[in-house]
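In this text, residue positions in the sequence shown follow my numbering: the first is -3, and each later residue adds one. Contents: one structure, followed by commentary.
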Amino acid sequence: MLTDSLYLEAIALLQSWQQEAARHEELAEAAALATVGDAGDPEVRMVLIKAIDPAGLAFFTNRNSRKGQDLAHQPRCALVFHWKSLHRQVRVAGTTCRLDEEESDRYFASRPRLSQLAAWASEQSQPLAARHLLEQRLEAYEQHFAGQAVSRPAHWVGYRIAPHRLEFWQEEPGRLHRRQLYHCQLSHRDRACWESILLQP
-3 MLTDSLYLEA
7 IALLQSWQQE
17 AARHEELAEA
27 AALATVGDAG
37 DPEVRMVLIK
47 AIDPAGLAFF
57 TNRNSRKGQD
67 LAHQPRCALV
77 FHWKSLHRQV
87 RVAGTTCRLD
97 EEESDRYFAS
107 RPRLSQLAAW
117 ASEQSQPLAA
127 RHLLEQRLEA
137 YEQHFAGQAV
147 SRPAHWVGYR
157 IAPHRLEFWQ
167 EEPGRLHRRQ
177 LYHCQLSHRD
187 RACWESILLQ
197 P
């Protein structure tokens, strides 16, 4: 697949903005991720984007969660970063695919042990009769993995968003904001199809 220079420019700009935001505020990697379920209802929640590179934007979750089920039904999604301290936001739209097992294993191994255990204990998005039942499950997994590394559960996986649209928004006085759009058609991602245009505020 050819990689368009405008696409690389957009990814480099996103990396630069995210890195600058990280110097000014906590959780600069947080973004609101929107998905659509099989009934057509939109859902949105915050996720942590753990990698941004020309391959796309990576995040990790329980594939049995609501977002995982949504993405299994409809892999297209959208997200937005908002960095209040810099008066900036970036909107991204694209299509998701699952990361390979090795990538998911590597990131899971880097997580704090309690977060690893919680990935086993929590049946994410499922009803919970009482909080103490979750705590009991966590304790059971603490005992199960005592004295050894916590392996990655099969349901805990990574996803990569391959963008087809990135819009950069910079606040300006008088609501004359700067909006720069990079986009291409999904059906043409295998050739030089990207363009960059300015949008009115």
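The beta-carbon is built from N, C-alpha and C at its ideal position, and this holds for glycine as well.
- Secondary structure at residue 104: helix, using DSSP grouped into helix, strand and coil.
- Residue 57 and residue 64 have their C-alpha atoms roughly 7 Å apart.
- Under the three-state reduction of DSSP output, residue 159 falls in the strand class.
- Here residue 129 is not near residue 118, since their CB atoms are 8 Å or more apart.
- The Cβ atoms of residue 121 and residue 62 lie closer than 8 Å to each other.
- At the C-beta level, residue 55 and residue 43 come within 8 Å of one another.
- Apart from sequence neighbours up to five positions away, the residues of its chain that approach residue 179 with a beta-carbon distance below 6 Å are 161, ordered along the chain.
- Checking the DSSP bridge columns, you'll see residue 192 partnered with 178.
- Contact between residue 88 and residue 164 does not hold, since their C-beta atoms are separated by about 10 Å, which reaches or exceeds 8 Å.
- Excluding its 5 nearest sequence neighbours in each direction, residue 139 has no C-beta neighbour in its own chain below 7 Å.
- Cβ neighbours of residue 53 within its own chain (closer than 6 Å, five residues either side excluded): 45 and 157.
- Cβ contact annotation for residue 18 (same chain, cutoff 6 Å, sequence separation greater than five): 24, in chain order.
- Per DSSP, the beta bridge partners of residue 49 are 52.
- Residues 166 and 167 of the same chain have their beta carbon placed closer than 8 Å to that of residue 83, with the five preceding and five following residues left out of the count.
- For the set 123, 151 and 74, the Cα lying nearest the Cα of residue 28 is the one of 74.
- Check the Cα spacing between residue 101 and each of 34, 145 and 71: the tightest is with 145.
- Ranked by Cα distance from residue 38, the options 149, 49, 67 and 22 are led by 67.
- Distance from the CA of residue 174 to the CA of residue 189, rounded to the nearest whole angstrom, comes to 23 Å.
- Annotated three-state conformation of residue 74 is strand, per DSSP.
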